[in-house]
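A.B. asks: This structure is in C-alpha cells; I'll ask about it shortly.
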Amino acid sequence: MRINDYLNTLKNKRVAVIGIGVSNEPLIRMLLESGVEVTARDRASRERLGDTAGKLEKLGARLMLGDGYLDGLGEDVIFRTPGLKPGTPELVRAAENGSELTSEMEVFFKVCPCRIIAVTGSDGKSTTTTVISKILEASGKTVHLGGNIGRPLLADAPSIMPEDWAVLELSSFQLMTMTESPHIAVITNISPNHLDYHSSMDEYVEAKRNIFRYQGRDGLLVLNADNEITAAMARQAAGEVRFFSRRAKPENGCWYDGEAIYFNGTRLIDAKDILLPGLHNIENYMAAFAAAIDAAGADACRSVAETFRGVEHRIELVRTLRGVRYYNDSIATSPTRCIAGLNSFEQKVILIAGGYDKHIPYDVLGPVINEKVKVLVLNGATAPKIRETVEAAPGEKPLILENSDFKGAVLQAAAAASEGDVVLLSPASAAFDQFKNFEERGNCYKQIIRELI
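All residue numbers for the sequence shown refer to our numbering, where the first residue is 699 and numbers rise by one.
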C-alpha cells in the first residue's frame, strides 16, 4: 500500500492524533491537508503549545488540550504517541469499543516503498543508526533517516523511491505495538532500562523482540553475541542471523581481536583508524558493518569509520578552555551508557551525573565511578541513588558534590577543574525531571560551557 492509498482509507473516518510534538505535528498536517477529520490531543496547555495550536486550528484541526485531553476518546482511528502506554485505560476502552489503534511508525512500515533497516537496543542505537545511514550514503544510496532520531518519515513517504533505504532508530515505546518488522534488524544490546514505563523487564525485552518477530526467511537479524539476552534471541529468528563480538569469532558476522575489526574472516579496519574513541564505538561499528556491508561494501564502511566525528550529545567535545576539555554526553541516559562514556577516557574525569529516575538499578555504576572519576557532581532525582551506589562500592571514592540546580552543578564542575582535566556530562539518567529530553539538557549544558570566561 502506498501512502495516498492509506490516506484515502481515512477520508470518511474520524481520526485522533495523541501528542502534538516533533513526531506527530507533520502527521497532523498531512492528514488535514488530505481532507481527513482530525482531533489533535495533547496534555500540554494552549499556552505551552504557543503558535502551534492556532496554526493547527487554522488548518482545520479540533484540539483537546490539558488534563482532559483523553476525554471522550473514541475516534475511528487513533494514532498513539510513543510516550503513552498502550495499556492506558482510555486507549483500552476505545479499542474495546471498536477504535483502531496505530502510530506514525506503524503506518510508515505499512506504506514505505523501500527497504528498511531498523536499530534498537538499550545503548548505542543512535550512533549505530547514524553510522549505518552514513555508510549507505557513502556508497551512493539515497537514505531516509528517522524514527527515534532524525525526522518523522511518514510525511516524507510520497517522495521515497523503491530503490532508496530507510534507516530507523526504534525505541521500546515504539516497538511495543508493532506488527511488522524491518528487512534488516539490529539489536545493539539489552540491559535494564525504562522500567518506569514498562511493567517489568520481561515486557521491555518482549518489546525489543518485535523488531525481528515478524521477519520472514529473507530477513537479516544482527545481534550482540556478548550480551546474554540478545544472543539468546537468535533461536527465534526466522531468517539469517549475524553476530558481532569482542569476545569470540562468530561464524557469520563481525569480531574484534583487540587490534582490528573483521567480517567473516576479512580484516575490515584497524581500531587505530576509527575516529570515534572507545570500545563501545567498536561495538557500534561492528553492528553497523554487519547490517550495511552487503548493500554498501567494505570501502564505504571503512570510509565512514575513518571520518565520522560522532552523534551530537554523544561524547561531544564542546570546547577547551584554559586546558580543560568539556564533553557533552547527555545521550547517556542509563548506567551502562555512562560507563561506556567513562571508559572512553584514560584519565580520571570530573563527572556530572543524575536526572530523571527510570527505576532502573545503578549498582554497576558505583565501582566504575570509583575507578574513573575524581570529582562527582550530582544533580537531579537520581542523585541519592548514584551517591548510595558509589559509597557502597569498593575502591577509592571521588569527591562528591551535590547541587539541585543544573546550571549550578555545571558551574561547580567547572570550578573544580584545572588544566589537563576532563569535565564530562554523562548523567546515567533521563532528562525529564528538568528538561523535555536529553537534547535540551545537552544544549543547555553546551550553552553554559560556551559562556564560561
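C-beta: ideal position from N, C-alpha, C; glycine also.
This structure is a prediction, so every number in the text was calculated from the model and none was measured.
State the start and end residues of the unbroken alpha helix (DSSP H) segment that holds residue 842.
C.D. replies: No alpha helix (DSSP H) holds residue 842; the beta strand (DSSP E) holding it covers 841-845.
A.B. asks: State buried or exposed for residue 695, treating a residue as buried only when at least 16 other CB atoms are found within 10 Å of its CB.
C.D. replies: The structure shown does not extend to residue 695, since the chain is modelled only from 699 through 1151, so no value can be given for it.
A.B. asks: Who does residue 943 pair with in a DSSP beta bridge?
C.D. replies: 953, per the DSSP bridge assignment.
A.B. asks: Thinking residue 830 and residue 865 are a contact (beta carbons under 8 Å), I'd like their distance in whole angstroms, please.
C.D. replies: With 8 Å as the limit, residue 830 and residue 865 qualify as a contact, their Cβ atoms being about 5 Å apart.
A.B. asks: To the nearest angstrom, how far is the alpha carbon of residue 1081 from that of residue 1029?
C.D. replies: The alpha-carbon atoms of residue 1081 and residue 1029 are separated by roughly 17 Å.
A.B. asks: How is residue 1026 classed by DSSP in three states: helix, strand or coil?
C.D. replies: In the structure shown, residue 1026 sits in a strand (DSSP, three-state: E or B).
A.B. asks: If the criterion is Cβ atoms closer than 8 Å, does the pair residue 983 and residue 972 meet it?
C.D. replies: Yes, Cβ-Cβ distance for residue 983 and residue 972 is below 8 Å.
A.B. asks: How is residue 806 classed by DSSP in three states: helix, strand or coil?
C.D. replies: The answer is helix: DSSP assigns residue 806 an H, G or I state.
A.B. asks: Taking the alpha carbon of residue 940 as the point to measure from, which residue in 846, 990, 807 has its own alpha carbon closest?
C.D. replies: Of the listed residues, the one whose Cα sits closest to residue 940 is 990.
A.B. asks: Under 8 Å, do residue 919 and residue 930 count as touching if we go by C-beta distance?
C.D. replies: Cβ atoms of residue 919 and residue 930: not closer than 8 Å.
A.B. asks: Identify whether residue 922 lies in helix, strand or coil by the three-state DSSP scheme.
C.D. replies: In the structure shown, residue 922 sits in a strand (DSSP, three-state: E or B).
A.B. asks: How many Å lie between residue 1123 and residue 914 at the Cα?
C.D. replies: So the alpha carbons of these two residues sit roughly 42 Å apart.
A.B. asks: Could you pull out every unbroken beta strand (DSSP E) segment of at least 3 residues lying fully inside the stretch 1018-1077, listed in chain order?
C.D. replies: Segments of the beta strand (DSSP E) lying fully in the stretch 1018-1077: 1022-1026, 1047-1051, 1071-1076.
A.B. asks: Given that a residue counts as buried once 16 or more other Cβ atoms are within 10 Å of its Cβ, and exposed if not, what is residue 874?
C.D. replies: Result: buried.
A.B. asks: Over what stretch of residues does the beta strand (DSSP E) that includes residue 762 continue unbroken?
C.D. replies: Looking at the DSSP string, the run of the beta strand (DSSP E) that includes residue 762 is 760-763.
A.B. asks: Could you tell me whether the stretch 1066-1082 touches the stretch 837-857, where touching means 3 or more Cβ pairs closer than 8 Å?
C.D. replies: The answer is no - the stretch 837-857 does not touch the stretch 1066-1082, with fewer than three Cβ pairs under 8 Å.
A.B. asks: In terms of residues, what are the limits of the beta strand (DSSP E) holding residue 740?
C.D. replies: Unbroken beta strand (DSSP E) run through residue 740: 735-740.
A.B. asks: Drop a sphere of 10 angstroms on the beta-carbon of residue 876, count the other beta-carbons inside from all chains shown, and report buried for 16 or more, exposed for fewer.
C.D. replies: Label assigned to residue 876: buried.
A.B. asks: Taking Cβ positions, are residue 878 and residue 807 nearer each other than 8 Å?
C.D. replies: Closer than 8 Å, so yes.
A.B. asks: Tell me which same chain residues have a C-beta within less than 6 Å of the C-beta of residue 1128, skipping the five on either side of it?
C.D. replies: The residues are 1031, 1053, 1054, 1056.
A.B. asks: Alpha carbon to alpha carbon, how far is residue 833 from residue 1042?
C.D. replies: About 23 Å.
A.B. asks: Between residue 1135 and the rest of its own chain, which residues show a CB-CB distance below 7 Å, the 5 nearest in sequence each way excluded?
C.D. replies: Answer for residue 1135: 1129, listed in chain order.
A.B. asks: Out of 849, 993, 872, which one is the CA nearest neighbour of residue 819?
C.D. replies: If we check each option's Cα against that of residue 819, 872 comes out closest.
A.B. asks: Go through its chain and collect everything with a Cβ distance to residue 802's Cβ below 7 Å, but skip five positions before and after it.
C.D. replies: Answer for residue 802: 721, 722, 725, 777, 850, 852, listed in chain order.
A.B. asks: What residue range does the beta strand (DSSP E) around residue 1177 cover?
C.D. replies: The displayed coordinates of the chain run from 699 to 1151. Any statement about residue 1177 would go beyond what the structure contains.
A.B. asks: Using C-beta distances below 6 Å, list every residue in its chain close to residue 828, excluding the 5 sequence neighbours before and after it, in chain order.
C.D. replies: Here the set comprises 1009.
A.B. asks: Going straight from the alpha carbon of residue 817 to that of residue 1027, what length do you get?
C.D. replies: Going from the Cα of residue 817 to the Cα of residue 1027 covers about 20 Å.
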